[in-house]
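Written out below as structure tokens is the structure these notes cover.
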Amino acid sequence: MTTTDTAAAEAGRDFIRDIVQADLDAGRYKAIVTRFPPEPNGYLHIGHAKSIALNFGIAQEFAGHCNLRFDDTNPTREEQEYIDSIQADVRWLGFDWGKNLFYASDYFDWLYEWAEGLIRQGLAYVDDQSQEEIRLSRGTLTEPGKNSPFRDRPVEENLDLFRRMKAGEFPNGARVLRARIDMSAGNINLRDPVLYRILHAHHPRTGDKWSIYPSYDYAHGQSDAIEGITHSICTLEFEDHRPLYDWLLDKLPVPSKPHQYEFARLNLTYTLLSKRVLTRLVADGHVAGWDDPRMPTIAGLKRRGVPPTAVREFVKRIGVAKANSVVDVGMLEFCIREELNRTALRRMAVLRPLRIVIENYPEGQVEELEAINHPDDPGKGTRKIAFGRELYIEQDDFMENPPRKFFRLSPGNEVRLRYAYFIKCVSVVKNAAGEVTELRCTYDPATRGGNAPDGRKVKATMHWLSAAQSKPAEIRIYNQLFARPSPDASNFAADLNPQSLEVLKDARVESAVAESNSAEPMQFERQGYFVRDGDSAPDRLVFNRTIGLRDTFAKEVGKS
Ligand code: ATP
Ligand code: MG
1263 MTTTDTAAAE
1273 AGRDFIRDIV
1283 QADLDAGRYK
1293 AIVTRFPPEP
1303 NGYLHIGHAK
1313 SIALNFGIAQ
1323 EFAGHCNLRF
1333 DDTNPTREEQ
1343 EYIDSIQADV
1353 RWLGFDWGKN
1363 LFYASDYFDW
1373 LYEWAEGLIR
1383 QGLAYVDDQS
1393 QEEIRLSRGT
1403 LTEPGKNSPF
1413 RDRPVEENLD
1423 LFRRMKAGEF
1433 PNGARVLRAR
1443 IDMSAGNINL
1453 RDPVLYRILH
1463 AHHPRTGDKW
1473 SIYPSYDYAH
1483 GQSDAIEGIT
1493 HSICTLEFED
1503 HRPLYDWLLD
1513 KLPVPSKPHQ
1523 YEFARLNLTY
1533 TLLSKRVLTR
1543 LVADGHVAGW
1553 DDPRMPTIAG
1563 LKRRGVPPTA
1573 VREFVKRIGV
1583 AKANSVVDVG
1593 MLEFCIREEL
1603 NRTALRRMAV
1613 LRPLRIVIEN
1623 YPEGQVEELE
1633 AINHPDDPGK
1643 GTRKIAFGRE
1653 LYIEQDDFME
1663 NPPRKFFRLS
1673 PGNEVRLRYA
1683 YFIKCVSVVK
1693 NAAGEVTELR
1703 CTYDPATRGG
1713 NAPDGRKVKA
1723 TMHWLSAAQS
1733 KPAEIRIYNQ
1743 LFARPSPDAS
1753 NFAADLNPQS
1763 LEVLKDARVE
1773 SAVAESNSAE
1783 PMQFERQGYF
1793 VRDGDSAPDR
1803 LVFNRTIGLR
1813 DTFAKEVGKS
């Protein structure tokens, strides 16, 4: 991001908002109308969140409205499951389309009538060439295309054939309707683009009424015009389609003339945001589903415990620019940490438990110690945690032969158990394989609460849990789905991170965690942020790690 982009984002302004403001100042529109037009052929991802925040955000800020419009022009790829998930995800992000829910398929009759109108004006024709022939005769960036041998068909013949296409007389692919523009246009999109193709397919909303379906380019602008969209905001790859967008609006008797504006799509390091790839990841079983917490989908982020506020903050920070760039995924992680650090309750969990026995603590005794729920927010209160003779600590908080700077537990070394006591390791128990299975320790009863009356210091404070009072849990640790910063979309399987999911089956969580049914993420102290997964059952707790605690991105920003 350049400095200007950052400044604009911080001010909540960008070039599109400037255009909207200028249009309002000049009195060109009474009210601003935008739209978010997903094709229901997959789940929404974080790139869509950028577009959603932009379209709904502008509508909110300028007291207009934003339509949710399903671009359902390809019934072979689209499904109700996707329609439902898209609505749920837009709502989860915090946006509301109110009554303004539309489908491009609602406009199929108009689109058809207008296509006949183009034919009558000599501006469209039925082409009998195959898809391959059309492709080959389209030319290249340096060579003009060739006119189709069917280009000069008489109007009556075109009308007759188009009506028979609609009536279902011809098989898929037999003919198409093309706009009659200019096969030598510098912009390839103007070389007689396809407006309609034959597709004998059942449509979820229009059933078997249609045997022909409009192309994206033909349906999109006209849907905008029908809905009275003022600013049709899309991603940069549609910039070259704008002349066609304008040509169609110009030739058709549409009720309004929207303008198209393009912005840079979101790209993220270690992430692929193409629906084709995401669909394959799910279909080929590389992930557990569209809502797998490793997926960059909204459903995946939600299941991972990412708060919608963090997603909104992220898209606000990256801003809206005209040039494509790749955003460091660390920026998203930074926004998630920042939000969760502020909101998440602190709890204790031991991910990889090592049993310790406090030899001088009475057998069978349990006492309750007070722990705070949030260090910066006393209003969040305190809770009790049970302490006893047998405890768990984290395996890597102990080393039998520590290097010089290791201050956590080691034979003879004293450490603090958070909220509890100072303990010392007196001996190490091992199994036949020589692995440490248990530590024998002693505690100092005078250090209750975590401080020594004699003022002696320890260099480490560790989390812990009572063996008897904590509960078992499965904890799923997620890492980047891809191992390389810019995974190859055409061969993505080769770039998958084999360590993207680590499942810890023997973790322990404190009873306050086990008893809470909350869907809010918590901080497991010294470990990161975690959220209860929907796979949990009363006798089986499952948590997803939303994100670790370490904040590498902030450090790098600090350096530069
Ligand atoms: P894909 O190219 O992966 O198939 P798409 O862009 O075709 O995705 P749509 O459902 O058509 O998916 O997208 C709906 C809207 O979201 C479009 O206006 C599109 O421009 C926008 N969008 C899609 N991906 C991104 C992204 N990475 N960043 C910003 N906006 C995006
Ligand atoms: Mg699309």
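Residue numbers for the sequence shown follow my numbering, beginning at 1263 and rising by one.
Yeah, the Cβ is synthetic: ideal placement off N, Cα and C, and Gly gets one too.
Pick helix, strand or coil for residue i, following the three-state DSSP scheme.
{"i": "A1756", "result": "helix"}
{"i": "T1723", "result": "strand"}
{"i": "Y1478", "result": "helix"}
{"i": "P1505", "result": "helix"}
{"i": "H1310", "result": "helix"}
{"i": "E1818", "result": "At E1818 the pLDDT is 49, less than 50, meaning the model places this residue with poor confidence and gives no usable figure here."}
{"i": "Y1791", "result": "strand"}
{"i": "N1779", "result": "coil"}
{"i": "A1908", "result": "Residue 1908 lies beyond the stretch modelled for the chain, which goes from 1263 to 1822, so this question has no answer here."}
{"i": "N1409", "result": "coil"}
{"i": "T1808", "result": "strand"}
{"i": "I1598", "result": "helix"}
{"i": "R1255", "result": "Lying outside 1263 to 1822, the shown extent of the chain, residue 1255 is not represented and no answer is given."}
{"i": "M1784", "result": "strand"}
{"i": "A1271", "result": "Legend: pLDDT at A1271 = 46, less than 50; position of this residue unreliable, value from coordinates given subsequently. Of the three classes helix, strand and coil, the one that applies to A1271 here is helix, per DSSP."}
{"i": "V1582", "result": "coil"}
{"i": "F1357", "result": "coil"}
{"i": "L1613", "result": "coil"}
{"i": "G1674", "result": "coil"}
{"i": "K1733", "result": "strand"}
{"i": "L1803", "result": "strand"}
CB of residue i to nearest heavy atom of the ligand ATP: below 8 Å?
{"i": "K1259", "result": "There is simply no residue 1259 to check, as the chain begins at 1263 and stops at 1822 in what is shown."}
{"i": "F1298", "result": "yes"}
{"i": "T1497", "result": "yes"}
{"i": "L1528", "result": "yes"}
{"i": "N1303", "result": "yes"}
{"i": "D1346", "result": "no"}
{"i": "G1309", "result": "yes"}
{"i": "L1563", "result": "no"}
{"i": "F1500", "result": "yes"}
{"i": "K1513", "result": "no"}
{"i": "R1538", "result": "yes"}
{"i": "D1333", "result": "yes"}
{"i": "S1477", "result": "no"}
{"i": "L1653", "result": "no"}
{"i": "S1367", "result": "no"}
{"i": "L1535", "result": "yes"}
{"i": "S1773", "result": "no"}
{"i": "K1578", "result": "no"}
{"i": "S1473", "result": "no"}
{"i": "S1672", "result": "no"}
{"i": "K1312", "result": "yes"}
Name, in chain order, the residues that DSSP records as bridge partners for residue i.
{"i": "L1763", "result": "Y1740"}
{"i": "Y1387", "result": "R1440"}
{"i": "F1525", "result": "T1497"}
{"i": "S1446", "result": "S1446 is not bridged to any residue."}
{"i": "H1548", "result": "Paired residue(s): none; H1548 is not in a bridge."}
{"i": "F1332", "result": "Y1365"}
{"i": "T1296", "result": "C1328"}
{"i": "V1690", "result": "L1701"}
{"i": "G1823", "result": "A question about residue 1823 goes unanswered here, because the residues of the chain that appear run from 1263 up to 1822."}
{"i": "H1636", "result": "According to DSSP, which records beta bridges pairwise, H1636 is partnered with nothing at all."}
{"i": "H1465", "result": "G1469"}
Compute the distance between the beta-carbons of residue i and residue j, then report whether it is under 9 Å.
{"i": "T1533", "j": "G1592", "result": "no"}
{"i": "E1629", "j": "G1650", "result": "yes"}
{"i": "M1445", "j": "R1437", "result": "no"}
{"i": "F1827", "j": "V1582", "result": "Outside the displayed range of the chain (1263 to 1822) lies residue 1827, so it cannot be described from this structure."}
{"i": "L1616", "j": "E1501", "result": "no"}
{"i": "S1477", "j": "Y1507", "result": "no"}
{"i": "R1807", "j": "I1739", "result": "yes"}
{"i": "N1871", "j": "H1503", "result": "There is simply no residue 1871 to check, as the chain begins at 1263 and stops at 1822 in what is shown."}
{"i": "S1518", "j": "I1488", "result": "yes"}
Is residue i near the ligand PLP - that is, is its Cβ less than 8 Å away from at least one heavy atom of it?
{"i": "D1795", "result": "Ligands displayed in this structure: the ligand ATP and the ligand MG; the ligand PLP is not among them."}
For residue i, would you say it is in contact with chain B, using Cβ-to-Cβ distances shorter than 9 Å as the test?
{"i": "E1595", "result": "Checking the listed chains, one finds no chain B in this structure; it contains a single protein chain."}
Touching by the beta-carbon criterion (3+ pairs, under 8 Å), the region 1609-1620 and the region 1781-1799: yes
Say whether the region 1420-1432 touches the region 1332-1341, bearing in mind that this needs 3 or more beta-carbon pairs closer than 8 Å, one atom from each stretch. no
Counting pairs of Cβ atoms below 8 Å between the region 1592-1603 and the region 1761-1769, do you hit three or more? no
Are at least three pairs of beta-carbons, each pair with one atom in the region 1288-1296 and one in the region 1322-1329, less than 8 Å apart? yes
Touching or not, the region 1374-1394 and the region 1336-1354, by the rule of three or more beta carbon pairs under 8 Å? Verdict: no, contact absent.
Between the region 1366-1386 and the region 1311-1321, can you find at least three pairs of beta-carbon atoms closer than 8 Å? no
Could you check whether the region 1639-1653 touches the region 1714-1730, counting it as contact only if at least three pairs of C-beta atoms, one from each stretch, sit closer than 8 Å? yes
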